[in-house]
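Numbering (our numbering), first residue to last: 2 to 297.
Below is one structure, written out as structure tokens; comments come after it.
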Amino acid sequence: MNKAAIIVNPNAGNKQLVENINEVVQKLEEKYSEVIVHQTQDVGDGGNFLTKIAGEVDLVIGAGGDGTIHELVNALCPLEKRPLFAILPGGTCNDFSRAIGMNQNPFKAIDQILEHKVEQLDVGHCNAHYFLNFWGIGLITQVSTNIDSQFKDKFGRLSYYLSAAQTLKNYDPFQLEIESPDFTYQGEAAMLIVGNGPFTGGIKAFFLDTDIQDGKFDILIVKEPSLRLIWDTIQSKMLNQTPANDDIKYYKTSRLKVNTAPDQLIDCDGERNVHTPAELVNLEKYLSVIVGNFPV
Numbered sequence: 002m003n004k005a006a007i008i009v010n011p012n013a014g015n016k017q018l019v020e021n022i023n024e025v026v027q028k029l030e031e032k033y034s035e036v037i038v039h040q041t042q043d044v045g046d047g048g049n050f051l052t053k054i055a056g057e058v059d060l061v062i063g064a065g066g067d068g069t070i071h072e073l074v075n076a077l078c079p080l081e082k083r084p085l086f087a088i089l090p091g092g093t094c095n096d097f098s099r100a101i102g103m104n105q106n107p108f109k110a111i112d113q114i115l116e117h118k119v120e121q122l123d124v125g126h127c128n129a130h131y132f133l134n135f136w137g138i139g140l141i142t143q144v145s146t147n148i149d150s151q152f153k154d155k156f157g158r159l160s161y162y163l164s165a166a167q168t169l170k171n172y173d174p175f176q177l178e179i180e181s182p183d184f185t186y187q188g189e190a191a192m193l194i195v196g197n198g199p200f201t202g203g204i205k206a207f208f209l210d211t212d213i214q215d216g217k218f219d220i221l222i223v224k225e226p227s228l229r230l231i232w233d234t235i236q237s238k239m240l241n242q243t244p245a246n247d248d249i250k251y252y253k254t255s256r257l258k259v260n261t262a263p264d265q266l267i268d269c270d271g272e273r274n275v276h277t278p279a280e281l282v283n284l285e286k287y288l289s290v291i292v293g294n295f296p297v
């Protein structure tokens, strides 16, 4: 086989990707004898198409934002035989494409794909779902939920930070219990983030030295958000250090069980449709992915 498939969200990149898809196909045909293009129509359509053609292609390219990539990865990861995966970024934040060093101009990213630099990358697994970038509960979920879609379309990544500032005034704490081979935690919390990739909202917001090939999650627990905590975090980023603050706890582990009271809505790479409790496992070097300027 020498066959590639592009699964493209027609709205990605303000429709620039789909409007110029012939240019992308022509470039791919320099390396692949056949290139299939599938435009998604409804939620789940891209994943269903991937499952159907996975055994017939060598490469699957997801062309779209984080939601598109999340859907495709959740169709790809359960397969016994998985084709090579690549990303053409076309969304608001494109967090995992940043994590693997892809150029944020999709027409430059296609040149990186043609260079065919392949790495085996970790994948997070939680209950029946897979994730590449992050899993979170508490404040981070409230921030994402509070973003107005029209505001997001107009202001892009800025909408995440404005929503965070607004949500910080009225967050809901919860009781958190974590069990893992490396640490335990029991107490009140405002947020828990389990990171696989380093980017959240288009920046390295929480983890400075994430390694997506070490089989470990980066764990962040925020007990109580405050202006001092924000200031300490800003200073730590300027100094490239982990912030020293009593309201923050950092850990690393390969697996953990999470229980909360009350149950918390989970944000899994931007998708929010399940609640705690949860059991998470890091699948070390599980997925073959074409990368750009990696490691970042």
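Every residue gets a Cβ at the ideal spot worked out from N, C-alpha and C, and that includes glycine.
- Here Pro174 has Glu189, Ala191 as same chain residues with Cβ atoms under 6 Å from its own Cβ, once five neighbours each way along the sequence are excluded.
- The Cβ atoms of Leu51 and Leu73 sit closer than 8 Å to each other.
- Three or more Cβ pairs drawn from the stretch 129–142 and the stretch 265–284 lie within less than 8 Å of each other, which places the two stretches in contact.
- Judged by their CB atoms, Ile111 and Ile88 are not nearer to each other than the 8 Å cut-off.
- The shortest CA-to-CA distance from Gln265 to any of Tyr186, Gly63, Leu140, Lys32 is the one to Leu140.
- Just so you know, the alpha carbons of Asn260 and Ala5 end up roughly 42 Å apart.
- Inter-segment contact for the stretch 177–184 and the stretch 79–86 is absent: fewer than three beta-carbon pairs are separated by less than 8 Å.
- Minimum Cα-Cα distance from Ala279 among the listed residues Asp212, Leu288, His130 corresponds to His130.
- DSSP, reduced to helix, strand and coil, places Pro226 outside both helices and strands of the structure shown, so it counts as coil.
- Secondary structure of Val297 (DSSP, three-state): coil.
- Our two residues, Asp46 and Phe295, have alpha carbons roughly 30 Å apart in a direct line.
- Closest option to Ile291, judged by alpha-carbon separation, among Asn21, Pro11, Gly102, Leu193: Gly102.
- Distance from the CA atom of Lys253 to the CA atom of Leu209, rounded to whole angstroms, is 13 Å.
- In the DSSP assignment, Gly188 falls outside any alpha helix (DSSP H) and lies within the beta strand (DSSP E) extending over 185–190.
- Going by DSSP, Asp268 is part of no alpha helix (DSSP H) but of the beta strand (DSSP E) stretching over 266–269.
- Counting only unbroken stretches of 4 or more residues, no alpha helix (DSSP H) element lies wholly within the stretch 109–146.
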